[in-house]
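Note that the working numbering has the sequence shown beginning at 2, numbered continuously upward.
Ideal Cβ placement from N, Cα and C applies to all residues, glycine included.
Note that the structure is a prediction, hence the values are computed from the model and not measured.
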Amino acid sequence: MTDLFREQSASPSSDCPPCPGEPVAERIAAREAKIGENFIVRRAVPSKARRMVGAWCFLDHAGPAEYAAGKGLNVGPHPHIGLQTFTWMLDGEVLHRDSLGYEQIIRPGQVNLMTAGRGIVHSEESVSDAPGRLHAAQLWIALPEAERHREPGFHHYPDLPVMEQDGVVITLLAGSAMGRTSPAEVFSPLVGMDLRADAPAQTTIPLEPRFEHALLSLRGTVTAAGEVFAPGTLLYLGTGRTHLAVELSEASQALVIGGQPFGEDILLWWNFVARSAEEIHQATEDWNAGRRFGSVDGTPLPRIPAPDTGGMTFKQPARRT
Numbered sequence: 002m003t004d005l006f007r008e009q010s011a012s013p014s015s016d017c018p019p020c021p022g023e024p025v026a027e028r029i030a031a032r033e034a035k036i037g038e039n040f041i042v043r044r045a046v047p048s049k050a051r052r053m054v055g056a057w058c059f060l061d062h063a064g065p066a067e068y069a070a071g072k073g074l075n076v077g078p079h080p081h082i083g084l085q086t087f088t089w090m091l092d093g094e095v096l097h098r099d100s101l102g103y104e105q106i107i108r109p110g111q112v113n114l115m116t117a118g119r120g121i122v123h124s125e126e127s128v129s130d131a132p133g134r135l136h137a138a139q140l141w142i143a144l145p146e147a148e149r150h151r152e153p154g155f156h157h158y159p160d161l162p163v164m165e166q167d168g169v170v171i172t173l174l175a176g177s178a179m180g181r182t183s184p185a186e187v188f189s190p191l192v193g194m195d196l197r198a199d200a201p202a203q204t205t206i207p208l209e210p211r212f213e214h215a216l217l218s219l220r221g222t223v224t225a226a227g228e229v230f231a232p233g234t235l236l237y238l239g240t241g242r243t244h245l246a247v248e249l250s251e252a253s254q255a256l257v258i259g260g261q262p263f264g265e266d267i268l269l270w271w272n273f274v275a276r277s278a279e280e281i282h283q284a285t286e287d288w289n290a291g292r293r294f295g296s297v298d299g300t301p302l303p304r305i306p307a308p309d310t311g312g313m314t315f316k317q318p319a320r321r322t
């Protein structure tokens with residue numbers, strides 16, 4: 002999905018406190034935006050408190066929202082570089098199209114994973130003009146230096162590992178956990194899990210202590226690490242945890258993300274993940290001039306122009322020591 006918040010300055014990954022190297026419980030309020038008549042998007046990552054969680058560099062919680070006829074999702078063709086887009090669908094249906102020629106409807110319980118690499122274009126739209134409902138988590142994964150100029154690609158994952166314990170349904174979205182491995186192709190050590198309970202439940206999930214982790218409520222109330230929170234709050238957990246006890250209220254759902262602290266500094270602006278302001282300026286110029294990225298066939302939606310970088314603020318990443 003395109004960056005609907007359209008930031009006025011770039012987000013350098015070094016512009017936040019370092020990974021604490023120990024377990025913590027930091028509450029981070031997501032920023033909220035209203036798109037259209039009643040479509041709410043909550044941005045949990047990046048924030049001033051935490052720019053990344055492992056290689057995860059972006060997390061938007063979209064919805065849940067009911068929309069009227071003709072008022073569904075309509076995100077026209079837009080470009081990406083240097084990242085993977087990771088869409089976890091909770092409710093509703095969205096049609097993905099991209100410049101590689103892929104057309105794919107994503108439905109609840111499925112993941113669309115698009116690798117931008119050196120550059121890709123895609124669009125996202127509701128499958129019909131009928132009234133509907135939409136609820137999703139949209140994440141980005143920063144590609145490491147060795148992979149960020151790779152050829153673009155797209156994968157759809159309709160079947161993911163699902164486990165059940167203590168009344169909690171656990172879907173492994175990415176990485177490995179609990180003796181299972183997700184088929185999602187990623188290029189950094191990371192993990193993603195969805196926890197869902199239809200009735201009040203408590204369970205304990207294993208964690209990789211080398212990873213930093215965070216927990217986001219998608220529905221209902223969640224209790225973890227002594228904190229109680231609902232949608233709109235990200236709980237950052239630091240590193241060093243071997244397990245996490247989680248309590249879910251009735252009809253609740255939570256997203257767990259984690260990964261090895263990312264050892265490279267990145268610069269995130271609009272839909273681009275880069276290493277320098279020059280890269281972002283060039284990608285913006287190329288997209289607005291119709292160069293480099295290709296086009297999306299079949300969509301009736303107009304291209305989304307990149308904001309002019311002339312008025313944008315670029316703070317170069319500070320060199321880590």
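Have a look at residue i and residue j and give me their C-alpha separation to the nearest angstrom.
i      : j      : result
Ala198 : Phe230 : 16 Å
Ser127 : Met194 : 26 Å
Ala117 : His282 : 17 Å
Pro18  : Glu280 : 25 Å
Pro210 : Thr240 : 6 Å
Ala284 : Pro201 : 48 Å
Asp266 : Ala26  : 24 Å
Ser100 : Ala275 : 20 Å
Thr322 : Arg151 : Confidence is the limiting factor: at Thr322 the pLDDT is only 39, short of 50, which leaves the residue's position unreliable, though a coordinate-based value still follows. Rounded to the nearest angstrom, the two C-alpha atoms are 28 Å apart.
Glu165 : Asp16  : 39 Å
Nearest CA to the CA of residue i: which residue from the options?
i      : options                        : result
Arg196 : Ala255, Arg276, Ala307         : A quick correction: the sequence has Leu, not Arg, at residue 196. If we check each option's Cα against that of Leu196, Ala255 comes out closest.
Gly291 : Thr300, Arg276, Glu279, Ala307 : Ala307
Ala215 : Trp57, Ile41, Asp16            : Trp57
Asp160 : Ile121, Val112, Glu251, Ser124 : Val112
His136 : His156, Tyr158, Glu148, Arg108 : Arg108
Lys35  : His62, Trp288, Arg181          : His62
Val169 : Arg181, Gln203, Arg149         : Gln203
Gly102 : Ala147, Thr310, Val54, Gly295  : Gly295
Residue i bridges to which residues according to DSSP?
i      : result
Pro207 : His244
Quick check on DSSP: helix, strand or coil for residue i?
i      : result
Trp288 : helix
Ile267 : coil
Ala226 : coil
Ile281 : helix
Thr172 : strand
Gly22  : coil
Gly311 : helix
Thr322 : The pLDDT assigned to Thr322 is 39, lower than 50, so where the model puts this residue is not dependable, and the model offers no usable value.
Between residue i and residue j, which are expected to be in contact by the criterion C-beta below 8 Å, what is the C-beta distance as a whole number of angstroms?
i      : j      : result
Ala185 : Ala175 : 5 Å
Ala66  : Arg134 : 7 Å
Ser124 : Leu302 : 6 Å
Arg52  : Ser14  : 4 Å
Leu144 : Gly83  : 6 Å
I'd like to know if residue i contacts chain C, where contact means its C-beta is closer than 7 Å to some C-beta of that chain.
i      : result
Phe188 : Among the chains in the structure shown there is no chain C, since it carries only a single protein chain.
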